[in-house]
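*Asks:* First the structure, which I've put down as structure tokens, then a few questions once you've had a look.
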Amino acid sequence: MESIESSLLNITPEIVRNIRKIYNLDDPKRLEEAIDILEDWIQKQPHIVKKDFSRRYLEVSIISSKGSVEKAKKQIDRLCTFKTLIPKLFSKYNLKTELHTVLEKSWHVPLPRLTEDYYRIILIKGFSSDYTPEEILQYFQATVIVTEYITVYVNGFTIIVDYRGLNLLQLVTRMSTADVQQFINALIEGYGARLKNIHIITESTAINLLVATAKQFIKEKIIKKLQIVRTLEELHNFIPKDLLPEEYGGKEKSYEKIHADWVEELSSEKHIEYLKMMSKACTDETKRPIDKFNEEYMGMPGSFRNLIVD
Numbered sequence: 001m002e003s004i005e006s007s008l009l010n011i012t013p014e015i016v017r018n019i020r021k022i023y024n025l026d027d028p029k030r031l032e033e034a035i036d037i038l039e040d041w042i043q044k045q046p047h048i049v050k051k052d053f054s055r056r057y058l059e060v061s062i063i064s065s066k067g068s069v070e071k072a073k074k075q076i077d078r079l080c081t082f083k084t085l086i087p088k089l090f091s092k093y094n095l096k097t098e099l100h101t102v103l104e105k106s107w108h109v110p111l112p113r114l115t116e117d118y119y120r121i122i123l124i125k126g127f128s129s130d131y132t133p134e135e136i137l138q139y140f141q142a143t144v145i146v147t148e149y150i151t152v153y154v155n156g157f158t159i160i161v162d163y164r165g166l167n168l169l170q171l172v173t174r175m176s177t178a179d180v181q182q183f184i185n186a187l188i189e190g191y192g193a194r195l196k197n198i199h200i201i202t203e204s205t206a207i208n209l210l211v212a213t214a215k216q217f218i219k220e221k222i223i224k225k226l227q228i229v230r231t232l233e234e235l236h237n238f239i240p241k242d243l244l245p246e247e248y249g250g251k252e253k254s255y256e257k258i259h260a261d262w263v264e265e266l267s268s269e270k271h272i273e274y275l276k277m278m279s280k281a282c283t284d285e286t287k288r289p290i291d292k293f294n295e296e297y298m299g300m301p302g303s304f305r306n307l308i309v310d
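Spelled out as structure tokens, the structure:
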């Protein structure tokens, strides 16, 4: 999101300054020079269609890349490439009207306050394990809409997945490994989403099957971040109560209210127009040197080995 003027994100000038400092970007001259280098590089890439990224967007990309301009180049290139190669992930803009069906089965709830080390907590609450293939795609699309908004001035993300009461075996068997693999790649490689931990709340033994399936297409370093918790009391060992909604034993307002606020914000005309604009941040693969495509993408897990670029 190019603007941080959002009461839902609660990002203060102090938070911006502190996160810049973490990545040695608190010197205004150094920050401007880094953005200049990235901006100049984009102008020289014939295959990247969008050239007018805002300087705020470029700064956030550098921060997401731990202050590395070189990593930011790859992250922007990859996200633009994903938007070209798997456009279905980025084809929905209005959460409320286009994805209302999946909203009845799963909620993405970014919590209001960052952790002390500036991680955003995302609560994913599942209400059903009975998904059609179209609804699974809608789940991915909804995640993209949320991600486009919240990937700004954070150190990374802590994910809480509440699967209590769900039939995990049914959920796993409804998912296509190839689709999940591309979706995960888009989030991690495209948006540069850094994960601190993923806490899965469930008492189902089928979670072992879910983890075993995930190991086929998720990097080992991410698998190590998975933590299975059986109770809310156990969750409190990892997440401060002050940051959690009241339904999770915390002091934040109800997650139903937080979710309702997010649906309104993500379905606002401003965000819809932003998503439409950023959907054009794709690539023209006819203008990319073929050796660069092979080097950067053909070897990626779950990438596009069978794709022929004309």
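If you use the UniProt record's numbering, the sequence shown closes out at 310, no skipped numbers anywhere.
For glycine and all other residues, C-beta sits at the position ideal for the given N, C-alpha and C.
#1: At which residues does the alpha helix (DSSP H) containing H100 begin and terminate?
#2: Within 10 Å of its beta-carbon, does M277 have 16 or more other beta-carbons around it, so buried, or fewer, so exposed?
#3: Looking at the structure shown, is L58 part of a helix, part of a strand, or coil, going by DSSP?
#4: Note the first and the last residue of the continuous alpha helix (DSSP H) segment covering R17.
#5: Please say whether T158 and S64 have beta carbons closer to each other than 9 Å?
#6: Within a Cβ cutoff of 8 Å, which residues of the same chain sit near Q227, ignoring the five residues on either side of it in sequence?
#7: So what's G156 in DSSP terms, helix, strand or just coil?
#8: Taking the alpha-carbon positions, what's the L103 to L123 distance?
#9: So V144 and L89 are in contact, right, with Cβ under 8 Å, and what is the actual spacing, rounded?
#10: Is L31 buried or exposed, if buried means 16 or more other CB atoms sit within 10 Å of its CB?
#11: Tell me whether D40 is buried or exposed, calling it buried when 16 or more other Cβ atoms sit within 10 Å of its Cβ.
#12: So V69 and T283 are in contact, right, with Cβ under 8 Å, and what is the actual spacing, rounded?
#13: With 16 as the cutoff for other CB atoms within 10 Å, does S176 come out buried or exposed?
#14: Rounding to the nearest angstrom, what Cα-Cα distance links K225 and L195 in this structure?
#15: Three-state secondary structure (DSSP) at D40?
#16: Between R120 and the rest of its own chain, which residues show a CB-CB distance below 7 Å, the 5 nearest in sequence each way excluded?
#17: Roughly how many whole angstroms lie between the Cα atoms of T173 and G192?
#18: Between the C-alpha atoms of S3 and T205, what's the straight-line distance to the nearest angstrom?
#19: Identify every residue that forms a DSSP beta bridge with Q141.
#20: With a 10 Å radius around its C-beta and 16 neighbouring C-beta atoms as the bar for buried, classify R17 as buried or exposed.
#21: For P13, count neighbouring Cβ atoms within 10 angstroms of its own Cβ and tell me buried if that reaches 16, exposed if not.
#22: Whole-angstrom Cβ separation of G190 and R55, contact assumed at under 8 Å?
#23: Quick check on the DSSP output: the beta strand (DSSP E) that includes N197 runs from which residue to which?
#24: Write down every uninterrupted run of the alpha helix (DSSP H) in the segment 67–137 whose length is 4 residues or greater and which is fully enclosed by it, in chain order.
#25: Which residues does DSSP list as the beta-bridge partners of I48?
#26: Would you call T147 buried or exposed, if buried means 16 or more other Cβ atoms sit within 10 Å of its Cβ?
#27: Whole angstroms are fine: how far does the CA of P112 sit from the CA of L8?
#28: Could you pull out every residue in the same chain whose Cβ sits closer than 8 Å to the Cβ of D179, ignoring the five residues on either side in sequence?
*Replies:* Result, derived from the coordinates:
#1: Segment H100 to L103, the alpha helix (DSSP H) holding H100.
#2: exposed
#3: When secondary structure is reduced to three states using DSSP, L58 falls in the helix class.
#4: P13 to I22
#5: no
#6: N197, I198, H199, I200 and F238
#7: In this structure, DSSP gives G156 an extended state, which the three-state scheme calls strand.
#8: 14 Å
#9: Rounded to the nearest angstrom, the Cβ distance from V144 to L89 is 6 Å, consistent with a contact under 8 Å.
#10: By the neighbour-count rule (16 or more Cβ atoms within 10 Å), L31 is buried.
#11: Residue environment analysis places D40 among the exposed positions, since fewer than 16 neighbouring C-beta atoms fall within 10 angstroms of its C-beta.
#12: Actually they do not touch by this definition, with Cβ atoms about 20 Å apart.
#13: With fewer than 16 other Cβ atoms within 10 Å, it is exposed.
#14: 8 Å
#15: helix
#16: P110, L114, I150, V154 and F157
#17: 28 Å
#18: For S3, the pLDDT reaches just 40, beneath the cut-off of 50, and the residue's location in the model is therefore unreliable, although a value from the coordinates is still provided. Computed Cα separation, rounded: 43 Å.
#19: Beta-bridge pairing links Q141 to no other residue.
#20: exposed
#21: exposed
#22: The Cβ separation is near 20 Å, so there is no contact.
#23: L195 to I201
#24: 69–85, 95–98 and 100–103
#25: T283
#26: buried
#27: When the Cα atoms are used, L8 and P112 turn out to be separated by approximately 6 Å.
#28: Excluding sequence neighbours, D179 sits near I136, L137 and F140.
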